[in-house]
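Heads up: the structure comes next, in structure tokens.
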Amino acid sequence: MRANLQKHHLFTFLFRRRWIDVAWLLLLAGFIFAGMPLATFHGDEAMQIYMSNDYVAAFIDRDLNYLMVNPPYGIDEDPWLRILNGSINRYAIGLSWQLTGMNSGQLPPRPGWDWGLDYDRNVETGHLPSDSLLLAARFSSTLFLALSAWVMFGIGWQVGGRPLAYMSSVIYAVHPVVLLNGRRAMQEGSYLFFGLLAVLLAIIISRKRADGQRAAWHWWAGLVLAGGLTLASKHSGIVLVAAAFGWIVLTELAHFDLRRFGGMVVRLLVSGVLVVVLFVALSPALWNDPIARFTDLISVRQGLLDIQVGIDPDAPTTLLQRVEGIITQPFLTAPQHFEVAFWANASAVTDAINRYMASPLSGVQFGPILGTALTLLAGWGLVLCLKLWRQPGILAWVGVTLLSLLVNPLPWQRYYLALYPVAALLAGIGLLAVARWGRNRSRR
Numbered sequence: 018m019r020a021n022l023q024k025h026h027l028f029t030f031l032f033r034r035r036w037i038d039v040a041w042l043l044l045l046a047g048f049i050f051a052g053m054p055l056a057t058f059h060g061d062e063a064m065q066i067y068m069s070n071d072y073v074a075a076f077i078d079r080d081l082n083y084l085m086v087n088p089p090y091g092i093d094e095d096p097w098l099r100i101l102n103g104s105i106n107r108y109a110i111g112l113s114w115q116l117t118g119m120n121s122g123q124l125p126p127r128p129g130w131d132w133g134l135d136y137d138r139n140v141e142t143g144h145l146p147s148d149s150l151l152l153a154a155r156f157s158s159t160l161f162l163a164l165s166a167w168v169m170f171g172i173g174w175q176v177g178g179r180p181l182a183y184m185s186s187v188i189y190a191v192h193p194v195v196l197l198n199g200r201r202a203m204q205e206g207s208y209l210f211f212g213l214l215a216v217l218l219a220i221i222i223s224r225k226r227a228d229g230q231r232a233a234w235h236w237w238a239g240l241v242l243a244g245g246l247t248l249a250s251k252h253s254g255i256v257l258v259a260a261a262f263g264w265i266v267l268t269e270l271a272h273f274d275l276r277r278f279g280g281m282v283v284r285l286l287v288s289g290v291l292v293v294v295l296f297v298a299l300s301p302a303l304w305n306d307p308i309a310r311f312t313d314l315i316s317v318r319q320g321l322l323d324i325q326v327g328i329d330p331d332a333p334t335t336l337l338q339r340v341e342g343i344i345t346q347p348f349l350t351a352p353q354h355f356e357v358a359f360w361a362n363a364s365a366v367t368d369a370i371n372r373y374m375a376s377p378l379s380g381v382q383f384g385p386i387l388g389t390a391l392t393l394l395a396g397w398g399l400v401l402c403l404k405l406w407r408q409p410g411i412l413a414w415v416g417v418t419l420l421s422l423l424v425n426p427l428p429w430q431r432y433y434l435a436l437y438p439v440a441a442l443l444a445g446i447g448l449l450a451v452a453r454w455g456r457n458r459s460r461r
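Note that the sequence shown covers residues 18 to 461 in my numbering.
Here's what the structure looks like:
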């Protein structure tokens, strides 16, 4: 009888805890969605909405030939936009506005947003999407962002159990930069979701192998699927995919066994090839001679980077500035609402920024005190990972991310997005370590 009662109480306790976890995840998602209408507009949103014309071609007209491209690539022409950007977001936007009863006739004219014109002139020429279209287009990205917060919860759980799951997910979900970029009708929401999902699956595979278990094929298939969708969401998602693969490699090296290591290398190589195959399959712009189109993609992206560096007076950044950005961007830098300086001349832009930043739905504005504290906690979390070697996979994630930022010549905040999730995880590790130290001292 006593044994049955104990089992009953244990089941009740676990059931209640699960419901608390579910309620927490729903709360995070609700907070993320609540601020979506207030998020300030970015010109690239109009471009992504315009490119959702591809959804019509792919899923309504079923004219896949229309989606393939060939050089030359004129700036702001459809082939240029198509090979330069991922495909997932434009399809998700198309589905979103179709489900709300809209049609392609309501989309802004090419190229969505004309960066050769100022803000007011773009509004006059119809390049600013209507409020209803913008909200519909933002829904899919915001949904992906909310799901990414859930994945962040799972990453924290895998790394440090329930306490770290709560700590890392809340730091991530209230981060003002993550919220601003993920809520917009841009590529960042899907990029963060699928990229973090790839990292989570890599952690699960690594833990199973470290425990001497066999990671079943479906975990590897999930890693391939998440990796391919990450690259198809945004090409810079290769940073998170590399972090996921690096997590497996470094964890395997920490528990080195020559026979098992060889099998892991084979699986990773096969998975890497399949990720690329899936990426190509999801990217119609690459279908016509994939090798040549890959070359075009790199060339077009380099050309855009040269233009961006040329128009930004603070670019290219020095190595010291890049190191400084790595330290200050996660918790010590306010959200960057636009990258082109002349947007500050538009009263509609500045009014929207003031309105959004005044709302608690914009996230926690860390400020110098809390921002410094979180930066130090993240640094301490990194030291603990290095010192104790308990989480070598985190070091792979950090290393890949830092390397990508050290070669980035632009000071634009959006380019630091891969850093925020791992910074939130490290800050959670540091905070829990300090709390544990304080608890132990109080017991003496």
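Glycine included, C-beta positions come from ideal geometry on N, C-alpha and C.
Identity of the residue in the options nearest residue i by Cα
i	options	result
residue 73	422, 256 and 110	110
residue 414	443, 211, 427 and 117	443
residue 40	167, 311, 70 and 135	167
residue 372	320, 95 and 58	58
residue 81	336, 299, 438 and 420	299
residue 302	34, 95 and 60	95
residue 333	311, 422, 397 and 254	422
residue 395	344, 320 and 147	344
residue 331	357, 210 and 62	357
Other residues of its chain near residue i: CB distance less than 6 Å, five sequence neighbours each side excluded
i	result
residue 314	100
residue 225	232
Cβ shell of residue i (< 7 Å), same chain only, five flanking positions each side left out
i	result
residue 53	155, 159 and 200
residue 317	90, 97, 100 and 101
residue 128	64, 67, 93 and 98
residue 184	173, 445, 448 and 449
residue 88	313
residue 137	363
residue 425	339 and 432
residue 78	none
residue 365	136
residue 359	135
residue 150	66, 114, 119 and 123
Span separating the alpha-carbon of residue i from that of residue j
i	j	result
residue 104	residue 249	6 Å
residue 361	residue 202	21 Å
residue 140	residue 233	53 Å
residue 452	residue 192	22 Å
residue 83	residue 449	53 Å
residue 368	residue 280	58 Å
residue 212	residue 123	32 Å
residue 163	residue 217	16 Å
residue 115	residue 322	33 Å
residue 278	residue 175	22 Å
residue 178	residue 376	32 Å
residue 142	residue 34	54 Å
residue 24	residue 337	Any answer about residue 24 is weak, because its pLDDT of 49 lies below 50 and its placement is not dependable; what the coordinates show is given next. Using only the alpha carbons, I get a separation of about 59 Å.
residue 245	residue 214	11 Å
residue 223	residue 236	10 Å
residue 460	residue 386	29 Å
residue 403	residue 60	41 Å
residue 287	residue 253	21 Å
residue 190	residue 169	9 Å
residue 204	residue 272	37 Å
residue 36	residue 42	10 Å
residue 148	residue 220	40 Å
Own chain residues within Cβ distance below 8 Å of residue i, not counting five before or after
i	result
residue 353	194, 429, 430 and 431
residue 307	297
residue 263	410, 413, 414, 416 and 417
residue 267	409, 410, 412 and 413
Rounded Cβ spacing between residue i and residue j (contact assumed at less than 8 Å)
i	j	result
residue 181	residue 171	Not a contact, Cβ separation roughly 11 Å.
residue 295	residue 435	With 8 Å as the limit, residue 295 and residue 435 do not qualify as a contact, their Cβ atoms being about 20 Å apart.
residue 441	residue 188	4 Å
residue 121	residue 157	With 8 Å as the limit, residue 121 and residue 157 do not qualify as a contact, their Cβ atoms being about 16 Å apart.
residue 241	residue 292	5 Å
residue 106	residue 207	6 Å
residue 392	residue 355	That pair is no contact at about 25 Å.
residue 75	residue 117	With 8 Å as the limit, residue 75 and residue 117 do not qualify as a contact, their Cβ atoms being about 19 Å apart.
residue 196	residue 342	In fact, because the Cβ distance is near 20 Å, the residues do not count as touching under 8 Å.
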